[in-house]
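Engineer: 1 is the number of the first residue of the sequence shown in this note's numbering; add one for each residue after it. Where is the CB? At the ideal position from N, CA and C, for every residue including glycine. Below is a structure I'd like to ask you about.
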Amino acid sequence: MKRAFVLVPTGNDVGLTSASLGLVEALISKGYTVGFVKPVAQLERENDIEHSTALARSLYELDTPAPLKISEVVKLLTLGDERSLQDRFIELFNQVASKVDVIVIEGLVASKKLFYAKRVNRIIASSFDADIIYVAAPHRKGPEELLEAVEIEAQSARSGGGQVAGVMLNKVGQNSWDDTENNIIGHTRTRYFGNTHVEAIGQDIIEKYRQYFERSTVPLIALVPWVEGLSSPSTKDLADYLGAHALRRGEWGNRFVESVAVCSMGLSKSLYFYQDGALVVTTADRSDIVLAASMAALNGVKLAGILLCGRYEADPNMLILCQKAFSQGLPIITIGADMYSVVGKISNYHKSISINDKENAKTVFETVASTVDKEWMKQIFSAQRETRMTGTEFRTRIISSARRSPNKTIVLPEGTEPRTIKAAVIVFQRQIADPVLLGDSQEVQKVAAEQGLVLPQALRIVNPKDIAHKYVDDLVEIRKHRGLTPEQAERLLEENIWVATMMLKRGEVDGLVGGTVYTSADMVRPALQVIKMAPGFNLVSSVFFMCLPTQVLVYGDCAINQNPDSEELAEIAIQSADSAAAFGLPPRVAMISYSSGASGRGSDVEKVRKATEIAKDRRPDLLLDGPMQYDAATTESVADQKMPDSPVAGRATVLVFPDLNTGNTTYKAVQRATNTISIGPMLQGLAKPVNDLSRGALVDDIIYTIAITAIQAGASAATEELEE
Numbered sequence: 001m002k003r004a005f006v007l008v009p010t011g012n013d014v015g016l017t018s019a020s021l022g023l024v025e026a027l028i029s030k031g032y033t034v035g036f037v038k039p040v041a042q043l044e045r046e047n048d049i050e051h052s053t054a055l056a057r058s059l060y061e062l063d064t065p066a067p068l069k070i071s072e073v074v075k076l077l078t079l080g081d082e083r084s085l086q087d088r089f090i091e092l093f094n095q096v097a098s099k100v101d102v103i104v105i106e107g108l109v110a111s112k113k114l115f116y117a118k119r120v121n122r123i124i125a126s127s128f129d130a131d132i133i134y135v136a137a138p139h140r141k142g143p144e145e146l147l148e149a150v151e152i153e154a155q156s157a158r159s160g161g162g163q164v165a166g167v168m169l170n171k172v173g174q175n176s177w178d179d180t181e182n183n184i185i186g187h188t189r190t191r192y193f194g195n196t197h198v199e200a201i202g203q204d205i206i207e208k209y210r211q212y213f214e215r216s217t218v219p220l221i222a223l224v225p226w227v228e229g230l231s232s233p234s235t236k237d238l239a240d241y242l243g244a245h246a247l248r249r250g251e252w253g254n255r256f257v258e259s260v261a262v263c264s265m266g267l268s269k270s271l272y273f274y275q276d277g278a279l280v281v282t283t284a285d286r287s288d289i290v291l292a293a294s295m296a297a298l299n300g301v302k303l304a305g306i307l308l309c310g311r312y313e314a315d316p317n318m319l320i321l322c323q324k325a326f327s328q329g330l331p332i333i334t335i336g337a338d339m340y341s342v343v344g345k346i347s348n349y350h351k352s353i354s355i356n357d358k359e360n361a362k363t364v365f366e367t368v369a370s371t372v373d374k375e376w377m378k379q380i381f382s383a384q385r386e387t388r389m390t391g392t393e394f395r396t397r398i399i400s401s402a403r404r405s406p407n408k409t410i411v412l413p414e415g416t417e418p419r420t421i422k423a424a425v426i427v428f429q430r431q432i433a434d435p436v437l438l439g440d441s442q443e444v445q446k447v448a449a450e451q452g453l454v455l456p457q458a459l460r461i462v463n464p465k466d467i468a469h470k471y472v473d474d475l476v477e478i479r480k481h482r483g484l485t486p487e488q489a490e491r492l493l494e495e496n497i498w499v500a501t502m503m504l505k506r507g508e509v510d511g512l513v514g515g516t517v518y519t520s521a522d523m524v525r526p527a528l529q530v531i532k533m534a535p536g537f538n539l540v541s542s543v544f545f546m547c548l549p550t551q552v553l554v555y556g557d558c559a560i561n562q563n564p565d566s567e568e569l570a571e572i573a574i575q576s577a578d579s580a581a582a583f584g585l586p587p588r589v590a591m592i593s594y595s596s597g598a599s600g601r602g603s604d605v606e607k608v609r610k611a612t613e614i615a616k617d618r619r620p621d622l623l624l625d626g627p628m629q630y631d632a633a634t635t636e637s638v639a640d641q642k643m644p645d646s647p648v649a650g651r652a653t654v655l656v657f658p659d660l661n662t663g664n665t666t667y668k669a670v671q672r673a674t675n676t677i678s679i680g681p682m683l684q685g686l687a688k689p690v691n692d693l694s695r696g697a698l699v700d701d702i703i704y705t706i707a708i709t710a711i712q713a714g715a716s717a718a719t720e721e722l723e724e
């Protein structure tokens, strides 16, 4: 997949479906393979058919995934679980992404029931590396007011890191569609949908909007004129919307409501309104109106149907008398509400494109496609655009990568700790890795039961007391240069962390994760003494993956090295860059300091400057620069002023801090201030993967750490095979 676009409405009734599938039509016509995703069903009632998805499948034969139901979305929003909602969106996206050049993602239009649509659209937009395309319609706004509305939306998105591709203006020149020929007294023909009195949209109106949007910071992608009659609903669609039921269905799925004829006075005054596409609305006791409409149908007038209102029931004899008209396809539907409230509800109908009229739908989408800027379509694929991975995509990729690799065995030394047990169950069930809980089996079962967990029978629980004796001789041999005795080894092996480390050393497991109970020193000390350094490394360091809404940054070292010297800092930078690359992130390394470039003086900044030189000398292939301040590293506008010639400034993906105090403080401040999910710390430089958790780690934190450990284990195994 080369590009993805999220289409977001700026208001109600902007023609979001016509814009979305019109863009699909335009891209397909240029030879691109296109995917379409509607993450959330645009339905007032959950059992209805989602129009956009159905049309994408039927008209373009796209393999479009089924959208989430509104009830699922509401449940997650109510729980405040945006993370799980993003994960669900990514799952839908990934069903399509690998098969196509470009994906069009359609957002959600707000309504009285879907009042949270704007929040959902924000979550959708932040879930993907996708550019935002706004869909706007003038309605009663002049070009200046509409331009301001679009600019406000774009500024809001950009301030949150969103990338705005442009805007599609739809329904330009549309008259107020609640216009009526008369007040609703007697007989009224209301042109809600019809093509009666179609007026050509003046070119001057089109040009006026075009000229205003030439000033905009948001590129104008399409300007779609309003064409009457292209959005007429079927009689069935309107009946479903009203909650009316059919007395005779006839051809209600293939007849389309172009106008509404409200008939409440004498019969002679209603005859003018019996025209093709008219929905005749009257009360259930007006048999004369029904008979006249049936006569018109038998004489070749293709009415949209008859709608009977009120508490009266239609006369059965009258229905028998009109049977011939019904047998020729005339629908007749009924509703218990009074006629004028029904007409009022019709005036508020959200005009969606009928899935029953494919020819009309195709015409709508072709009309939109014909207005899409062809130069813009060329540029979106020819222009250089760096692919960014959102935090949600990164988390999903980690889980997917862990599941794709041969199941790695990860030992968890804190096997009776409640969060660890819960994480182990989830990891096992989702086949992320094969967890091994160290602990007394009865104690583990008891803690699990207290949490309402049922442990899978195949989930391994190993009592460390039963196996510790196996590792005494090996541990003595490993530490003989330090004079370790068997008695001392036995005492060390009373701790689960030492047993787990020896299991890893002997290859009985592929990785180790702990830290919910053990301190960082407890975790790292056995690893350094037993697992030792990987070839070519002189120290152990750590990184956090900071899963920001619009990108992922790598922070190092925020957990291990208190005050590294220049040599050590250079090695941390190289390790961190390699870790970023291993997890699919393009490494652009910023060496962080309190000053940028050559402006600062002092021992601290000189340390960073020297570390930068050492790292560049050792790894000239890396994009690495420093010293620089945090804002110069991450913000292009600041970088342009402070370090305009830097290949990294403003675009850094890996930030290396000068000491533990700076790194740990920054990581926690960013995490809390932005509500960012951070994965780590992931340890670097060891011969086999050992990872340390924060003692305040959540279950999700443990799951992701197990996943990255499994990925590291897979990479280590591949390296060992190459060396052999």
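1) Residue 665: buried (16+ other C-beta within 10 angstroms of its C-beta) or exposed?
2) Tell me whether residue 541 sits in a helix, a strand or coil according to DSSP, three-state version.
3) Identify every run of the beta strand (DSSP E) within the segment 373–424, keeping only runs that are complete inside it and at least 3 residues long; order them along the chain.
4) Determine the DSSP secondary structure at residue 36, reduced to helix, strand or coil.
5) Under 9 angstroms, do residue 256 and residue 233 count as touching if we go by C-beta distance?
6) Drop a sphere of 10 angstroms on the beta-carbon of residue 323, count the other beta-carbons inside from all chains shown, and report buried for 16 or more, exposed for fewer.
7) Enumerate in chain order the residues of its own chain whose CB-to-CB distance from residue 247 is below 8 angstroms, with the five nearest sequence positions on each side excluded.
8) Looking only at its chain, what residues have a beta carbon closer than 8 angstroms to the beta carbon of residue 723, apart from the 5 residues adjacent to it on each side?
9) Just list the residues that DSSP pairs residue 678 with in beta bridges.
10) Could you tell me the distance, in whole angstroms, from the CA atom of residue 167 to the CA atom of residue 389?
11) So, at 7 angstroms on beta carbons, what are the nonlocal neighbours of residue 522 in its own chain, with the 5 sequence-adjacent residues on each side left out?
12) Given this structure, state the Cα-to-Cα distance separating residue 640 from residue 624, to the nearest angstrom.
13) Taking 9 angstroms as the cut-off, decide whether the C-beta atoms of residue 136 and residue 380 are in contact.
14) Quick one: using the 10 Å Cβ neighbour count with 16 as the cut-off for buried, is residue 106 buried or exposed?
15) Quick check on the DSSP output: what are the complete beta strand (DSSP E) runs of length 3 or more inside the segment 107–183, in order along the chain?
16) Using the C-alpha atoms, what's the distance from residue 64 back to residue 28?
17) Starting from the N-terminal side, write out each stretch of the beta strand (DSSP E) that is 3 residues or longer and does not extend beyond the segment 620–701.
18) How would you label residue 454, buried or exposed, when you count the other beta carbons within 10 angstroms and need 16 or more for buried?
19) What is the rounded straight-line gap between the Cα of residue 573 and the Cα of residue 516?
20) Counting pairs of beta carbons, one from the segment 549–557 and one from the segment 572–588, are three or more of them closer than 8 angstroms?
21) Check residue 436 in the structure and name its three-state DSSP category.
22) Between the C-alpha atoms of residue 467 and residue 535, what's the straight-line distance to the nearest angstrom?
23) Just list the residues that DSSP pairs residue 306 with in beta bridges.
24) Residue 658 and residue 604 - do their beta-carbons sit closer together than 9 angstroms?
25) Sorted by chain position, which residues of the same chain lie with C-beta nearer than 6 angstroms to residue 727's C-beta, five sequence neighbours on each side aside?
26) With burial defined as no fewer than 16 other Cβ atoms inside 10 Å of the residue's Cβ, what is the status of residue 51: buried or exposed?
27) Mind checking who residue 555 pairs with in its DSSP beta bridge?
28) Within 10 Å of its beta-carbon, does residue 708 have 16 or more other beta-carbons around it, so buried, or fewer, so exposed?
29) To which residues of the same chain is residue 654 closer than 6 angstroms at the C-beta, ignoring the five residues directly before and after it?
30) Applying the criterion that 16 or more other CB atoms from any shown protein chain within 10 Å of the CB defines a buried residue, is residue 115 buried or exposed?
31) Kindly indicate the opening and closing residues of the beta strand (DSSP E) around residue 460.
32) Let me confirm a value: residue 340 is counted as buried when at least 16 other C-beta atoms fall within 10 Å, else exposed. Which label applies?
33) State the DSSP-derived secondary structure class of residue 79, mapped to helix, strand or coil.
34) If you follow the alpha helix (DSSP H) that residue 347 is in, where does it begin and where does it stop?
35) Indicate the three-state DSSP secondary structure (helix, strand or coil) for residue 720 in the structure shown.
36) Taking the straight line between their C-alpha atoms, what separation do you get for residue 144 and residue 606?
Structural biologist: A quick look at the data gives this:
1) Taking the first residue of the sequence shown as 1, we reach residue 665 at position 665. So residue 665 ends up on the exposed side.
2) Reading the sequence shown from its first residue, position 541 is the one you call residue 541. Three-state result, residue 541: strand.
3) DSSP assignment within the segment 373–424 yields the following whole beta strand (DSSP E) runs of 3 residues or more, N-terminal first: 409–412.
4) Counting from 1 along the sequence shown, the entry for residue 36 is found at position 36. If DSSP states are grouped into helix, strand and coil, residue 36 belongs with the strands.
5) Here residue 256 refers to the residue found at position 256 when the sequence shown is read from its first residue. Here residue 233 refers to the residue found at position 233 when the sequence shown is read from its first residue. Against a cut-off of 9 angstroms, the Cβ pair of residue 233 and residue 256 comes out as a contact.
6) As a working mapping, residue 323 is identified with position 323 in the sequence shown. Burial call: exposed.
7) The residue you call residue 247 lines up with position 247 of the sequence shown. Scanning its chain for C-beta atoms nearer than 8 angstroms, with the 5 sequence neighbours on each side dropped, one finds around residue 247 the residues 308, 314, 319, 332, 333, 334, in chain order.
8) Here residue 723 refers to the residue found at position 723 when the sequence shown is read from its first residue. Low local confidence applies: a pLDDT of 42 at residue 723 is under 50, so the model's placement there is unreliable, with the coordinate-based value given in what follows. Only residues of its own chain outside the window of five on either side were considered, and among them none has a CB closer than 8 angstroms to the CB of residue 723.
9) Numbered from its first residue, the sequence shown carries residue 678 at position 678. Residue 678 is bridged by DSSP to 546.
10) For this step, residue 167 is matched to residue 167 along the sequence shown. For this step, residue 389 is matched to residue 389 along the sequence shown. Answer to the nearest angstrom: the Cα atoms are 23 angstroms apart.
11) Reading the sequence shown from its first residue, position 522 is the one you call residue 522. Excluding sequence neighbours, residue 522 sits near 497.
12) Numbered from 1 along the sequence shown, position 640 holds the residue referred to as residue 640. Numbered from 1 along the sequence shown, position 624 holds the residue referred to as residue 624. Their backbone Cα atoms lie some 17 angstroms apart in a straight line.
13) As a working mapping, residue 136 is identified with position 136 in the sequence shown. As a working mapping, residue 380 is identified with position 380 in the sequence shown. Contact: no.
14) For the purposes of this step, residue 106 is taken as residue 106 along the sequence shown, with counting starting at 1. Flag for residue 106 reads buried.
15) Here the runs fully enclosed are 131–136, 164–172.
16) Within the sequence shown, the letter at position 28 stands for residue 28. Within the sequence shown, the letter at position 64 stands for residue 64. So the alpha carbons of these two residues sit roughly 15 angstroms apart.
17) Whole beta strand (DSSP E) segments, 3+ residues: 623–628, 654–656, 677–684, 690–692.
18) For the purposes of this step, residue 454 is taken as residue 454 along the sequence shown, with counting starting at 1. Residue 454 should be labelled exposed.
19) Against the sequence shown, residue 573 aligns to sequence position 573. Against the sequence shown, residue 516 aligns to sequence position 516. Residue 573 and residue 516 have their C-alpha atoms spaced approximately 27 angstroms apart.
20) The segment 549–557 and the segment 572–588 touch, with no fewer than 3 CB-CB distances between them shorter than 8 angstroms.
21) As a position in the sequence shown, residue 436 is number 436, starting the count at 1. It is a strand residue.
22) As a position in the sequence shown, residue 467 is number 467, starting the count at 1. As a position in the sequence shown, residue 535 is number 535, starting the count at 1. Spanning the two alpha carbons is a distance of roughly 30 angstroms.
23) As a first step, residue 306 is located in the sequence shown; it is residue number 306 there, counting from the start. DSSP output for residue 306 lists 280, 332 as bridge partner(s).
24) Numbered from its first residue, the sequence shown carries residue 604 at position 604. Numbered from its first residue, the sequence shown carries residue 658 at position 658. Going by C-beta atoms, residue 604 is nearer than 9 angstroms to residue 658.
25) The structure shown does not extend to residue 727, since the chain is modelled only from 1 to 724, so the question has no answer here.
26) What you label residue 51 is simply residue 51 of the sequence shown in a count that begins at 1. Its Cβ being crowded by 16 or more others within 10 Å, residue 51 is buried.
27) Looking up residue 555 in the sequence shown gives position 555. Bridge partners of residue 555: 544, 655.
28) On the sequence shown, position 708 is the one that residue 708 refers to. The residue is buried, with at least 16 neighbouring Cβ atoms inside 10 Å.
29) Residue 654 sits at position 654 when you count from the first residue of the sequence shown. Excluding residues within five positions, the ones whose Cβ falls inside 6 angstroms are 554, 576, 577, 580, 587, 589.
30) Start at 1 with the first residue of the sequence shown, and residue 115 comes out as number 115. Residue burial is scored here from C-beta neighbours: residue 115 has fewer than 16 other C-beta atoms within 10 angstroms and is therefore classed as exposed.
31) The sequence position of residue 460 within the sequence shown is 460, counting from 1. Residue 460 -> beta strand (DSSP E) spans 460–462.
32) Mapped onto the sequence shown, residue 340 falls at position 340. That one is exposed.
33) For the purposes of this step, residue 79 is taken as the residue at position 79 of the sequence shown. Here residue 79 sits in coil by DSSP.
34) As a first step, residue 347 must be located in the sequence shown, where it is residue number 347. For residue 347, the enclosing alpha helix (DSSP H) starts and ends at 339–347.
35) Locating residue 720 in the sequence shown gives position 720, counting from the first residue. With a pLDDT of 48 at residue 720, under the threshold of 50, the modelled position of this residue cannot be trusted; read the value that follows with caution. Shown here, residue 720 sits in a helix according to DSSP, grouped into three states.
36) Here the question's residue 144 lines up with position 144 in the sequence shown. Here the question's residue 606 lines up with position 606 in the sequence shown. When only Cα atoms are considered, residue 144 and residue 606 end up about 54 angstroms apart.
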